[in-house]
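Presented below is the structure to which this report refers.
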Amino acid sequence: MITKFLHVCTTATLADNHDQGGSVVYPVSSIKSIGMGSMAVTGVISASETVYHIAMAPMAINSTGAGAAAVLGDNVDVINVTMSTANNAKAHMQELIQKINSSRKTEAGFIDLYDGINATALIADIASAAVLYNANS
Amino acid sequence: METYLYFRGVANLAADDDGTAGSLLMPLSKLKGMTMGTAAITGTVTDDEDAFTLFFEPAGIGFDGDVDAGDNDVDCVIIATTSDNTPQPVMKAIVEAANSHPNSDGFITIFDSVTGESVHPDIEGVTTARASND
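Keeping their order, the protein sequence lines are chains R and A.
Here the working numbering is used: the first residue of the first sequence is 64, the next is one more, and so on.
Here the working numbering is used: the first residue of the second sequence is 5, the next is one more, and so on.
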């Protein structure tokens with residue numbers, strides 16, 4: 064079974080592809096949910112006609128961690144996706160899930176959701192994306 | 005079948021003796037993500053034009069022991085690249101290599117400085133940062 068991963072590069076500036084504001088990759092198994100509105104790392108959702116969020120298990124926090132900075136252990140990483148078309152999240156969700164569950168042998172598991180530098184997007188209606196990343200202390 | 009990713013970044017075989025760049029085998033299922041830049045086990049990312057970081061569930065932290073400040077830490081594998089600001093092809097190559105079974109035995113060499121094996125020619129080195137529980 065193929066292990067699939069989502070790639071997002073939020074910046075459109077090549078020289079800025081040097082930290083978590085540049086290329087990030089998450090296993091699709093880290094997706095906790097996808098929903099309308101813009102989400103903060105605390106899980107608070109702000110209404111938006113054009114933004115949906117993909118809540119992710121945080122990549123840089125031990126999933127069994129209970130350290131002194133445990134409050135951070137409650138946070139999630141988030142990919143907030145901005146659509147060109149308002150209220151169009153269902154179509155995006157369907158297309159993304161079809162890609163995640165596709166079994167075409169020509170696909171090797173790397174799903175390029177959005178790349179600002181190369182101006183590519185899995186779904187043509189994606190205008191931009193933002194990644195909210197958590198350190199663990 | 006469980007797939008494992010192998011990394012080695014030491015200068016020669018005799019130097020393959022520690023947790024800094026010596027042989028490291030991590031289960032693909034423990035890969036939590038990748039980010040551009042050089043990260044510490046705390047998740048703090050330092051800008052880096054020619055390196056990106058793979059995060060794994062920490063092998064050196066168990067469960068239910070003393071609560072220590074470092075219990076949220078993760079293991080890191082830092083991949084150094086020849087090219088600046090273009091990790092995408094290398095990240096993609098790692099994912100494709102990880103999914104190369106059933107045509108492989110599940111042992112995927114991402115980079116081995118001793119034998120010269122690499123999943124992508126742009127990789128020039130590997131270092132690791134390992135979390136511990138005390």
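All C-beta atoms in this analysis are idealised placements derived from N, C-alpha and C, irrespective of residue type, glycine included.
Query	Result
Rounded C-beta distance between A/Gly23 and A/Gly129? I'm assuming under 8 Å.	Wrong, their Cβ atoms sit about 16 Å apart, outside the cutoff.
Skipping 5 residues on each side, what residues in its chain have a beta carbon closer than 8 Å to that of R/Ala171?	Ile65
For R/Tyr89, which beta-bridge partners are listed by DSSP?	R/Leu69
What are the boundary residues of the alpha helix (DSSP H) that R/Leu159 is part of?	152-164
Which same chain residues end up closer than 6 Å to A/Ser27 when comparing Cβ atoms and leaving out the 5 residues on each side of it in sequence?	Arg12, Asp20
Return yes when the Cβ of A/Ser108 is within less than 7 Å of the Cβ of A/Glu115, no when it is not.	At residue 115 of chain A the sequence reads Phe, which differs from the Glu that was named. Contact: no.
When you compare only the Cα positions, how much space is there between R/Asn181 and R/Thr73?	11 Å
Hey, would you say A/Phe59 sits closer than 7 Å to R/Met122, going by beta carbons?	yes
Can you say whether A/Ala55 is buried or exposed, counting buried as having 16 or more other CB atoms within 10 angstroms of its CB?	buried
Quick one: any contact between the region 86-105 of chain A and the region 185-199 of chain R, if contact means 3 or more CB pairs under 8 Å?	no
Give me the chain R residues within the contact set of A/Pro125, using Cβ-Cβ distance strictly less than 8 Å, ordered along the chain.	None at all; the shortest Cβ gap to chain R is about 17 Å.
Helix, strand or coil for A/Ala97, going by three-state DSSP, please let me know.	helix
Starting from A/Ala84, find everything on chain R with Cβ-Cβ shorter than 8 Å and list it in chain order.	Residues of chain R passing the Cβ test: none, with the nearest at roughly 13 Å.
Among R/Lys162, R/Leu69, R/Ala193, R/Thr76, which one has its Cα closest to the Cα of A/Val89?	For the record, residue 89 of chain A in the displayed sequence is Asn; it is not Val. It is R/Thr76.
Using a C-beta cutoff of 7 Å, does R/Tyr115 count as contacting chain A?	no
If the cut-off is 7 Å on Cβ atoms, which residues from the region 14-46 of chain A count as contacting chain R, listed in chain order?	Leu32, Leu35, Lys36, Gly37, Met38, Thr39, Met40, Gly41, Ala43, Thr46
Could you say which of R/Asp137, R/Met156, R/Asn138, R/Ser165 lies nearest to R/Val144 if we only look at CA atoms?	R/Met156
Run through DSSP, which three-state label would A/Asn76 get?	helix
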